[in-house]
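Sequence lines, in order, name chains A and B. Using the numbering used here, the letters of the first sequence correspond one by one to residues 3 to 113. Using the numbering used here, the letters of the second sequence correspond one by one to residues 11 to 894.
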Amino acid sequence: MPKHANDRLQGTLDLLILNILARSDAQHGYAIAQRIHHATDDSLRIEEGSLYPALQRMTHEKWLRAEWGLTDTGRKARFYTITSAGRRQLAEEERRWLQLTEAVAKALRFA
Amino acid sequence: MSPLRKLLNVVRRSRMDDDLRQELETHVALIEEEERRQGLTADQARRNARTRFGNPQAYRERALDGVIATWFEHACKDVRFAARVLVRAPGFSTAAVLTIALGIGVNAAIFSVVSGVILRPLPHPRPEQLMYLNAQDTALNGRQSLLFAREYFALREANRSFVAIGGFQPGETNVTGGDRALRVRSAYVDEQTLEALGYQAAHGRLFAPGETYGRSNAPPGEWFPPIVILSHELWQTAFAGQPIVGHMIEVGGRSREVLGIMPPGADVMDNQTEIWLPLGLDRANREARLGHVIGRLRDGVTADAAQAELNALNANRGERHVLQLTPLHDQIVGVARRPIWMLQLAAGFVLLIASANLANLLLARAETRHREFAVRRALGATRVRLLTQSIAEGALLSIIGGALALWVADVGLRTLMRTYPAALPRTSEAGVDLPVLLFTCGIAAVTSLFFGLAQLRHTGAKGLAVVLTAPGAKGGTGAMRHHVRRGLVVAELALAIVLVMGAALLLRTVYNLTRIDGGINPSRLVTFSVNLPNRMFPQPESMRQLYRSFLDALRAVPGVEAATAMTGLPANRSGPPHKTRVANAQVPSPAPFETVDYYQHVMSGYFETMGIPIVRGRGFEPADAASPGMVAIVNERFVDQFWRGLDPIGQRLQPCCNDRTPWFTVVGVAKDVKQGGADRETGTEAYFFVEQDAKLPSGGGPTVPSIMNIVLRTALPPPALAQTIERVVRERERNVPVVRLRTMDAVFTDTIQRPRFLAQLLGVFASLALLLAAVGTYGVFSYIVVERRSEIGIRMALGAPRLGVLAHVMKEGLVLAGIAVAVGLAAAYLLSGLIASLLFGVQPIDVPTASAVAGTMIIVAAVACLLPAWRASRLDPLAALRGD
Numbered sequence: 003m004p005k006h007a008n009d010r011l012q013g014t015l016d017l018l019i020l021n022i023l024a025r026s027d028a029q030h031g032y033a034i035a036q037r038i039h040h041a042t043d044d045s046l047r048i049e050e051g052s053l054y055p056a057l058q059r060m061t062h063e064k065w066l067r068a069e070w071g072l073t074d075t076g077r078k079a080r081f082y083t084i085t086s087a088g089r090r091q092l093a094e095e096e097r098r099w100l101q102l103t104e105a106v107a108k109a110l111r112f113a
Numbered sequence: 011m012s013p014l015r016k017l018l019n020v021v022r023r024s025r026m027d028d029d030l031r032q033e034l035e036t037h038v039a040l041i042e043e044e045e046r047r048q049g050l051t052a053d054q055a056r057r058n059a060r061t062r063f064g065n066p067q068a069y070r071e072r073a074l075d076g077v078i079a080t081w082f083e084h085a086c087k088d089v090r091f092a093a094r095v096l097v098r099a100p101g102f103s104t105a106a107v108l109t110i111a112l113g114i115g116v117n118a119a120i121f122s123v124v125s126g127v128i129l130r131p132l133p134h135p136r137p138e139q140l141m142y143l144n145a146q147d148t149a150l151n152g153r154q155s156l157l158f159a160r161e162y163f164a165l166r167e168a169n170r171s172f173v174a175i176g177g178f179q180p181g182e183t184n185v186t187g188g189d190r191a192l193r194v195r196s197a198y199v200d201e202q203t204l205e206a207l208g209y210q211a212a213h214g215r216l217f218a219p220g221e222t223y224g225r226s227n228a229p230p231g232e233w234f235p236p237i238v239i240l241s242h243e244l245w246q247t248a249f250a251g252q253p254i255v256g257h258m259i260e261v262g263g264r265s266r267e268v269l270g271i272m273p274p275g276a277d278v279m280d281n282q283t284e285i286w287l288p289l290g291l292d293r294a295n296r297e298a299r300l301g302h303v304i305g306r307l308r309d310g311v312t313a314d315a316a317q318a319e320l321n322a323l324n325a326n327r328g329e330r331h332v333l334q335l336t337p338l339h340d341q342i343v344g345v346a347r348r349p350i351w352m353l354q355l356a357a358g359f360v361l362l363i364a365s366a367n368l369a370n371l372l373l374a375r376a377e378t379r380h381r382e383f384a385v386r387r388a389l390g391a392t393r394v395r396l397l398t399q400s401i402a403e404g405a406l407l408s409i410i411g412g413a414l415a416l417w418v419a420d421v422g423l424r425t426l427m428r429t430y431p432a433a434l435p436r437t438s439e440a441g442v443d444l445p446v447l448l449f450t451c452g453i454a455a456v457t458s459l460f461f462g463l464a465q466l467r468h469t470g471a472k473g474l475a476v477v478l479t480a481p482g483a484k485g486g487t488g489a490m491r492h493h494v495r496r497g498l499v500v501a502e503l504a505l506a507i508v509l510v511m512g513a514a515l516l517l518r519t520v521y522n523l524t525r526i527d528g529g530i531n532p533s534r535l536v537t538f539s540v541n542l543p544n545r546m547f548p549q550p551e552s553m554r555q556l557y558r559s560f561l562d563a564l565r566a567v568p569g570v571e572a573a574t575a576m577t578g579l580p581a582n583r584s585g586p587p588h589k590t591r592v593a594n595a596q597v598p599s600p601a602p603f604e605t606v607d608y609y610q611h612v613m614s615g616y617f618e619t620m621g622i623p624i625v626r627g628r629g630f631e632p633a634d635a636a637s638p639g640m641v642a643i644v645n646e647r648f649v650d651q652f653w654r655g656l657d658p659i660g661q662r663l664q665p666c667c668n669d670r671t672p673w674f675t676v677v678g679v680a681k682d683v684k685q686g687g688a689d690r691e692t693g694t695e696a697y698f699f700v701e702q703d704a705k706l707p708s709g710g711g712p713t714v715p716s717i718m719n720i721v722l723r724t725a726l727p728p729p730a731l732a733q734t735i736e737r738v739v740r741e742r743e744r745n746v747p748v749v750r751l752r753t754m755d756a757v758f759t760d761t762i763q764r765p766r767f768l769a770q771l772l773g774v775f776a777s778l779a780l781l782l783a784a785v786g787t788y789g790v791f792s793y794i795v796v797e798r799r800s801e802i803g804i805r806m807a808l809g810a811p812r813l814g815v816l817a818h819v820m821k822e823g824l825v826l827a828g829i830a831v832a833v834g835l836a837a838a839y840l841l842s843g844l845i846a847s848l849l850f851g852v853q854p855i856d857v858p859t860a861s862a863v864a865g866t867m868i869i870v871a872a873v874a875c876l877l878p879a880w881r882a883s884r885l886d887p888l889a890a891l892r893g894d
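Next comes the structure, spelled out in structure tokens:
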């Protein structure tokens, strides 16, 4: 979906989701939100209004696979796992992110 | 996303939506669980969870929008919602629907005419190959003329460009079907005409090659071969669709064999043909002439190539006539094209005014719905969603309005065509058809889009807080919006001025045409026509006697003061000029003869009955019938053209050009009669006396005409006379129908049918435009007054007199009207070229008309502003200042 390539915020959310799923088993949406929340020391809050559209879209792009399962408390939920296309996307997003942060850091040093 | 994918998504929509809803519910439930773990009560946990989560519906929509074509579901919802919104505002909805119906209806009606007359191809196969061959007479400075039969036959043999070239002559004849004599429209054609038009017989056969030739040395009644082809329609009505092919029927007083039946709707050049007769050209008769010539181009031959060939053929032969090709369609539509487009333009103006009114309505409504939109936006509706909803409202109004418009168009069109059947060609083919439907749908679609956008225009970026806290909570009241409104008022009034101006000019045209002295006194004149078939009256003398006996019987009818008969009914005569030798012509023509525009053969009492004064000499007298010297009477124009400065009495003329034809001595000069119609030049005219014609040998010049128009001077209306006349005629000749019984006034009115049609239609448009513009102006000023209530309140509180407030509002209205008058007159000036050729006796830029129109518009605008202004002056300052 090339129209999102330059959308940094969008890309950031994708990056975070892919990263979490790459390092864990299948997760449901709520758990993904919680993980992002904890991993960033509560400094990044993922709005549900962005999370589910993102999951939907990434599943559609075949970066994620979604399956219905049960949570620990017995609730029906959709569990997401990363696909190999997702891993490639993750590498790409990571590279871009580093590029961007490096570039911003440079700019800040020399400005 | 590929269209297929989109489609699949629509199908899978409900499952995916369920998934997502379930997922979101789980999410809320999980938040709730967590909150509970932290020790909150179930209620608090649930409330917190909901607050933290927000509006799941909005998330779902945002999640789905990217993936799924939600538009279908939305569309259904939008329409339902729109219907509720519109039902809740019945005043607005009714006004909007009526405005749309009028605006579109007027356009659909006129577009039906454009479509049926101009756009729709002729109902023949490959109609673009059909050409009309205009003959221009080189001896008469290229004047429109008629081809000689020998030229026609030569052309048919020599040309390589045409598959078929055929002649056509329109006419009328009597058909006896059952026990009743009917007058029917006939088309005299040859086999190639039918081939060119692409017709095949529905029953029996059509004319065969050579079958349509006539024998000019035969007695008059046997000139034409005794064969006919019936139209499907005549076959059905007169012969009840019985098998008739091969049978003999009575046509023009002679028994003829029915060769075949045409397919339904078959016609040539909009002639409304009921019966097809052989053209009857005689190859041996070199001087015979042809009415119309139609050709079909060979496949692959262009009109230009064919024209080049015709030019080359003509250069080789040096014939009298040059042939000019015109596409048959253009020839039929002719000069009607311009008025039709003019009407479409006028209808477009009405639509623009209606749109301006609609925009006004919407602006006012957008203000009141400001809050609603802001709240919905704050609750998570996307702008696209609001827009589609708004468009749905527009679509609903447009569909209802459009359907109403089609009805308006259909009824309007029928009424028009019934009132003015002959004002335009091909109108029998006009109707609400597919192109008209598409056209209407197109306008309706644009209207609904326009509606949606206009309604949302001002609801854009402003946040909820701004809207809800704005003074009066009405949303913005910026100067900008006032400018838009004032602009709309000026546009409406200016467009209305252009239309009223056009209507006024056409009305003056009609008035001028009716005021013209046609040369006769048409009041209390009743006329009808009889056609005596040559076959039954081989002797001119027997025809003369029959005419005389008709007239004698009619003169004896109580209430009839006078009766006479003539060949050509004034005011709608046309046809080729007559070659005439004029002795002592002062300006000799290059040809060995002169041309006289009209010949008129009359019975006794003609000039007295018609009220045509004899200005010099005398009229025809009964004694002339017996005297051996042939006499003629000419009109003033004739004297002016040929015998200027001479005493016309005693001069001589000879109808061309045959040694057996006697010379006629002029005994009198009659006042000019506008034989060709009020708007035509008066032509030169020679009168002959039927009583004398009867004495001439066959082939020796004028003969007793077989078609006569009988005229009665009487105060009785035609319906009261119909039975008496029918009886008088039937008692003397059973096979002769009485046709076209009407008053002479009606004859004159008919000749100006097109100007009257245009004036009336444009008058209707102009009235609509005036009404709409007045309503629009009133609406805008009412709104401005309401909006400026507090300002007016302050003024009044500070001591402004009520009259001053009234004057203030009125002034604003009149300034706008003034601008509109300037703009409208300028536009009318620019468009004057379009209407110029349709006018008579008035210039397109006419100061009195323009002043009257400008005055009318100012008065209309003033009246429209008066009520709002008066209301403003009655405001209670206290109530106004206290606000809502």
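Even for Gly, the Cβ is constructed at its ideal location relative to N, Cα and C. On a predicted model such as this, the values are computed, not experimentally measured, just so you know.
Separation of residue j from residue i, as counted between CA atoms
i, j, result
"B/ALA85", "B/THR398", "8 Å"
"B/THR61", "B/GLN54", "10 Å"
"B/VAL194", "B/PRO135", "26 Å"
"B/ALA882", "B/ALA374", "18 Å"
"B/GLY177", "B/TRP673", "34 Å"
"B/ALA871", "B/ALA862", "14 Å"
"B/LYS4", "B/ALA572", "Nothing can be reported for residue 4 of chain B, as the shown portion of chain B is limited to 11 through 894."
"B/GLU502", "B/ALA846", "24 Å"
"B/LEU781", "B/ALA366", "13 Å"
"B/GLN651", "B/SER584", "20 Å"
Selection from the options that minimises the alpha carbon distance to residue i
i, options, result
"B/ASN326", "B/ALA168, B/GLU221, B/PHE758, B/SER883", "B/ALA168"
"B/TYR521", "B/PHE767, B/ALA415, B/ILE114, B/THR283", "B/PHE767"
"B/ARG424", "B/SER122, B/PRO729, B/ARG884, B/ARG740", "B/SER122"
"B/LEU459", "B/THR519, B/ALA402, B/GLN664, B/ILE804", "B/ALA402"
"B/THR577", "B/ALA688, B/GLN32, B/TYR609", "B/TYR609"
"B/ALA506", "B/SER777, B/SER155, B/GLY823, B/LEU156", "B/SER777"
"A/ILE48", "A/ILE38, A/PRO55, A/HIS62", "A/ILE38"
"B/GLY126", "B/PRO887, B/ARG347, B/LEU751, B/ALA837", "B/ARG347"
"B/PRO273", "B/VAL185, B/PRO133, B/GLN763", "B/PRO133"
Beta strand (DSSP E) segment containing residue i, residue limits
i, result
"A/TYR82", "78-84"
"B/TRP286", "285-288"
"B/LYS589", "588-592"
"B/TYR608", "608-612"
"B/PRO180", "172-187"
"B/GLU260", "258-261"
"B/ASP147", "140-147"
"B/GLY693", "Where B/GLY693 is concerned, there is no enclosing beta strand (DSSP E), given that its DSSP letter is neither H nor E."
"B/ASN645", "641-645"
Residue i: first and last residue of the uninterrupted alpha helix (DSSP H) it sits in
i, result
"B/GLN596", "Note, B/GLN596: premise wrong, no alpha helix (DSSP H); not H, not E."
"B/GLN664", "Per DSSP, B/GLN664 belongs to no alpha helix (DSSP H); it is in the beta strand (DSSP E), 662-665."
"B/GLU571", "Here B/GLU571 belongs to no alpha helix (DSSP H); instead the beta strand (DSSP E) covers 570-576."
Notebook entry, point to check: What beta strand (DSSP E) runs, 3 residues minimum, are completely inside the region 695-749 of chain B?
Noted result: 695-699, 717-724
Note to self: Three or more C-beta pairs under 8 Å: does that hold for the region 838-857 of chain B against the region 789-809 of chain B?
What the structure shows: The region 838-857 of chain B is not in contact with the region 789-809 of chain B.
Next item on the list: Could you tell me whether the region 588-595 of chain B touches the region 730-749 of chain B, using the rule of 3 or more Cβ pairs below 8 Å?
Entry: Segment contact: the region 588-595 of chain B against the region 730-749 of chain B, fewer than three CB-CB distances shorter than 8 Å; contact not assigned.
Item checked: 4-residue-minimum alpha helix (DSSP H) runs that sit fully inside the region 329-409 of chain B, ordered along the chain -> 338-343, 347-378, 380-388
Check: If you pair each beta-carbon of the region 546-553 of chain B with each one of the region 623-637 of chain B, do three or more pairs fall below 8 Å?
Finding: no
Note to self: Whether or not the region 871-880 of chain B and the region 783-796 of chain B are in contact is what I'm after, with contact meaning three or more pairs of Cβ atoms, one per stretch, closer than 8 Å; do they touch?
What the structure shows: yes
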